[in-house]
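Novice: Let me give you the structure first, and then I'll get to my questions.
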C-alpha cells in the first residue's frame, strides 16, 4: 500500500529529473515512457507474488521505462525498464540463472549468486548488468542492487530504495552531487552521460 510520504518523495525527485532533462537533454526527455496502467502494476505484483514497494509503484505511475533509441541512462549507467520488459527479463533470468531455492529465506540486501524469484529487474545497462528491486523480506526490503551473471549480486545494495535512487539521480542532475561516484553530464552530442 502506498504512503503519501513515499509518493511525494518520488514525485519531487521525478519532477526534478524530468525538468532537468527537458532543459538540458530534450531528446532524452521525449523518450520518457508513459505512466503505467493499474492493470500493469497488478500484473507485476501477481508475477512476483508479493506487493511492490510504494516508491516503485509511484515511479511507474509517473513514467514507466523509456521509449526509442539510443538507450538513455536515467540513473548512473542504467536505462529503466517498462513493466513489460521488466517481467520478460525476470522470467528469462529465472530460467537461465535461477537458483534451487535453498537461500530463498535470506533477507533483502544479503548477497546471493543465483537470481531470486523475489528480485524484480527495474533497469539495465545493455551489457549484461541489471538493477533490481529486492522484494525479499527484512529491513532492506525494496533496496536496489546490481546483478550480472558472472559477478552475481555479491556487493550489497546500491540504494536503500527506489525513492533513494531517484533522489540521488535528481541531486546529481540539478545540483552536481555525485550519485554512487557518478555525475550527470551533457555530452558533446547533447546526450545524457554519467562521468566519474
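Numbering (the UniProt record's numbering), first residue to last: 1 to 196.
No residue lacks a Cβ here, since even glycine has one placed at the ideal position from N, Cα and C.
Predicted model only: the values in this text are computed from it and were never measured.
#1: Roughly how many angstroms separate the alpha carbons of residue 181 and residue 196, rounded to a whole number?
#2: In chain order, what residues of the same chain lie with their CB nearer than 8 Å to the CB of residue 2, ignoring the 5 residues before and after it?
#3: According to the Cβ coordinates, are residue 29 and residue 21 closer than 8 Å?
#4: Would you kindly report the start and end of the unbroken beta strand (DSSP E) that includes residue 133?
#5: How about residue 116 and residue 136: do their beta carbons lie closer than 8 Å?
#6: With DSSP collapsed to three states, give me the class of residue 7.
#7: Expressed to the nearest angstrom, what Euclidean distance is found between the alpha-carbon atoms of residue 174 and residue 16?
#8: Using the Cα positions of residue 4 and residue 62, report the straight-line distance between them to the nearest angstrom.
#9: CB-CB under 8 Å to residue 10, same chain, minus the five flanking residues each way: which ones, in chain order?
#10: For a test of the three-state rule: what should DSSP assign to residue 148, helix, strand or coil?
#11: With C-beta atoms as the reference, is residue 74 less than 8 Å away from residue 125?
#12: In chain order, what residues of the same chain have a beta carbon less than 6 Å from the beta carbon of residue 87, not counting five sequence neighbours either side?
#13: Quick one: what's got a C-beta closer than 7 Å to residue 31's C-beta in the same chain, skipping five residues either side?
#14: Pick from 155, 148, 119 and 110: whose alpha carbon is nearest that of residue 139?
#15: With distance defined between alpha-carbon atoms, name the residue in 79, 91, 155 and 70 nearest to residue 108.
#16: Write down every uninterrupted run of the beta strand (DSSP E) in the UniProt domain "Knr4/Smi1-like" (35-150) whose length is 3 residues or greater and which is fully enclosed by it, in chain order.
#17: At the level of alpha carbons, what is the spacing between residue 42 and residue 14?
Specialist: Considering the structure as presented:
#1: 6 Å
#2: The predicted model places residue 2 with a pLDDT of 48, which falls under 50 and marks its position as unreliable; any figure quoted below should be read in that light. Around residue 2: 54, 57 and 58.
#3: yes
#4: 129-134
#5: yes
#6: Three-state DSSP puts residue 7 in a helix.
#7: 7 Å
#8: 14 Å
#9: 55, 58, 59, 62, 162, 163 and 166
#10: strand
#11: Between residue 74 and residue 125, the gap from beta carbon to beta carbon reaches 8 Å or more.
#12: 47
#13: Excluding positions up to five away in sequence, the list reads 66, 67, 68 and 72.
#14: 110
#15: 155
#16: 119-124, 129-134 and 144-148
#17: Between residue 42 and residue 14, the C-alpha separation is close to 22 Å.
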